[in-house]
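In our numbering, the protein residues as written are 5 to 327.
Okay, structure coming up:
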């Protein structure tokens with residue numbers, strides 16, 4: 005399934021990544037992942053719809069996207085992004101939102117597709133008109149002061165001859181010193197050595213981020229979600245523009261939340277059946293899931309529930325398996 009050609013005036017689609025040339029304010033969503041990666045959507049309408057349906061202004065070729073997932077509404081000089089009751093929601097800058105006023109540089113995730121929002125303010129350049137009478141005015145001024153063009157040429161010639169005489173009497177310049185091996189060589193105003201070093205640093209950083217992402221994905225697949233979250237956060241610190249790290253960070257957080265909710269539900273069922281030992285196991289599982297976040301209210305609640313269970317069972321705090 006390819007990209008649908010938009011025939012309305014709400015959005016203009018382009019494969020070019022450079023800034024627009026036309027004067028004015030331009031609003032762009034750039035697709036960073038998925039089947040439409042590299043497509044730029046320049047928004048011009050008052051209301052646009054994003055989603056999987058081919059009737060949407062911005063079509064998302066993503067099975068995790070709803071048919072009509074979100075809308076973009078222009079309010080003044082800004083666009084407001086609103087969730088249209090989608091199944092998987094919207095994430096902006098790593099936070100799940102229902103509505104958000106977009107700012108330049110915002111990272112938006114719809115389904116599994118990552119976009120970057122940019123604002124371009126292009127100013128018109130007015131040509132400067134030359135005064136055709138400038139040369140005539142200069143000639144008039146020269147004539148008024150009694151200086152003819154020939155006098156001016158003679159004066160310039162004398163200055164040049166004097167400068168040449170001074171240069172001939174100066175000591176010859178010392179030969180250029182040999183550059184040490186590996187020193188930067190300036191070619192056409194570009195320092196080659198510095199440019200090469202910069203490229204090497206970028207390559208090393210990219211490899212490091214890929215390694216961290218690989219570790220995080222392994223932890224995510226094995227169900228160690230809090231460890232995966234740490235790895236994805238580290239990747240974003242090194243490269244804040246990493247769409248993959250942002251996407252999987254949100255997925256790991258969602259999976260962690262689901263695991264915590266499931267254990268709370270199991271603990272409640274066990275408590276209602278007076279199976280206090282089983283309930284304690286589920287609450288302890290929550291503490292292990294959130295061990296890196298002891299200030300989390302769910303961690304505090306699970307710990308309190310365990311202490312209450314120990315009292316009901318007539319046990320001391322040191323008899324709990326996880327306190």
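Using N, Cα and C, we set each Cβ at its ideal position, and we do this for glycine too.
Unbroken beta strand (DSSP E) run spanning residue i, endpoints
i	result
residue 75	74–79
residue 103	103–105
residue 44	44–47
residue 91	Looking at the DSSP string, residue 91 is not in any beta strand (DSSP E), and its letter there is neither H nor E.
residue 51	51–55
residue 32	28–35
residue 71	Element bounds for residue 71: n/a, residue is neither H nor E.
residue 121	117–126
residue 111	111–114
residue 64	No beta strand (DSSP E) contains residue 64, which DSSP labels as neither H nor E.
residue 18	15–18
Cβ neighbour criterion (16 or more within 10 Å) applied to residue i
i	result
residue 192	Reliability fails at residue 192, whose pLDDT of 44 lies under 50, so the model's placement of it is uncertain and the value that follows must be treated cautiously. Exposed is the call here.
residue 66	buried
residue 125	exposed
residue 317	exposed
residue 117	buried
residue 273	exposed
residue 23	exposed
residue 147	For residue 147, the pLDDT reaches just 45, beneath the cut-off of 50, and the residue's location in the model is therefore unreliable, although a value from the coordinates is still provided. Residue 147 is exposed by the Cβ-count criterion.
residue 40	buried
residue 276	exposed
residue 307	buried
residue 56	buried
residue 322	exposed
residue 32	buried
residue 26	exposed
residue 103	exposed
residue 257	buried
residue 207	exposed
residue 267	buried
residue 162	exposed
residue 304	exposed
residue 81	exposed
residue 209	exposed
residue 262	exposed
Neighbourhood of residue i by C-beta distance below 6 Å, restricted to the same chain and skipping five residues each side
i	result
residue 49	14
residue 100	93
residue 259	229
residue 61	14, 15, 52, 53
residue 291	306, 326
residue 34	44, 120
residue 145	Caution is warranted here: a pLDDT of 44 is assigned to residue 145, below 50, making its placement in the model unreliable, and the coordinate value is therefore given only provisionally. Cβ within range, chain order: n/a, list empty.
residue 95	113, 254
residue 71	55, 56, 57
residue 300	294
residue 287	271, 306, 309, 310
Cβ distance (whole Å) where residue i is taken to contact residue j below 8 Å
i	j	result
residue 254	residue 110	That pair is no contact at about 15 Å.
residue 113	residue 250	7 Å
residue 296	residue 230	5 Å
residue 309	residue 271	7 Å
residue 68	residue 28	Contact doesn't hold; Cβ gap of about 35 Å is too wide.
residue 122	residue 108	6 Å
Other residues of its chain near residue i: CB distance less than 8 Å, five sequence neighbours each side excluded
i	result
residue 252	217, 220, 221, 224, 232, 236
residue 20	44
residue 213	239, 242, 243, 246, 249
residue 320	314
Residue range of the alpha helix (DSSP H) that includes residue i
i	result
residue 283	280–293
residue 272	247–276
residue 238	229–242
residue 302	301–316
Spatial neighbours of residue i in its chain, beta-carbon cut-off 7 Å, leaving aside the 5 residues before and after
i	result
residue 190	For residue 190, the predicted structure reports a pLDDT of 47, less than 50, and the residue's modelled location is therefore unreliable. The matter cannot be settled from this model.
residue 313	280, 283, 284
Residue i CB to nearest heavy atom of the ligand MN below 8 Å
i	result
residue 100	With respect to the ligand MN, the structure shown offers nothing to examine, as it has no ligands at all.
Does the region 78–94 come close enough to the region 236–249 to have 3 or more Cβ pairs within less than 8 Å? no
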